[in-house]
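If you read the sequence shown in this note's numbering, its first letter stands for residue 116, the second for the next number, and so on.
Just so it is clear, CB atoms sit at the ideal spot from N, CA and C, and this is done for glycine as well.
Keep in mind the model is a prediction, meaning the values are calculated, not measured.
What follows is one structure encoded as structure tokens, with my remarks underneath.
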Amino acid sequence: MCYFDQTRWSCGYWKWGNFRQQCPKEYRTGETCGLKLVYGTSYSSGLCKLCEQIQKKKRRLEKLQLDVERWQHEGNRPATIEKTQRDIAEIAQRVDQLYQDHTLVITANVNVNM
């Protein structure tokens with residue numbers, strides 16, 4: 116039952132912060148017992164790192180899709196279009212993974228608070 120700071124963003128994502136206080140169960144200096152409790156929560160109105168990464172990848176997806184549409188109208192870049200479509204699929208898969216990671220932390224937080 117050692118105490119740590121917590122940072123929470125408006126999207127619901129959170130992370131553990133710095134160690135704050137040692138519990139009476141752990142007698143060794145600098146060691147923690149393994150059970151984390153919240154000492155204090157700081158709220159951030161900005162975007163969490165995952166939300167920022169998702170937004171960056173979405174902007175990249177939009178640009179690549181617009182490029183593919185433009186190249187298809189030009190009609191002279193079949194290899195480039197094919198490669199870009201593979202890149203779009205990879206980036207879309209990564210965005211899905213980021214969404215899953217984001218949701219996992221939020222649902223884990225809900226379960227802990229119940």
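Between residue 159 and residue 122, the C-beta gap is smaller than 8 Å, which places the two residues in contact. Counted as a single uninterrupted DSSP element, the beta strand (DSSP E) harbouring residue 135 occupies residues 129-136. Listed in chain order, the non-local C-beta contacts of residue 220 below 6 Å within the same chain comprise 128, local neighbours out to five positions each way being set aside. At least 8 Å separates the beta-carbon of residue 168 from that of residue 203. The residues 117, 119, 131, in chain order, have a CB closer than 7 Å to that of residue 151 in the same chain once the five nearest residues on each side in sequence are set aside.
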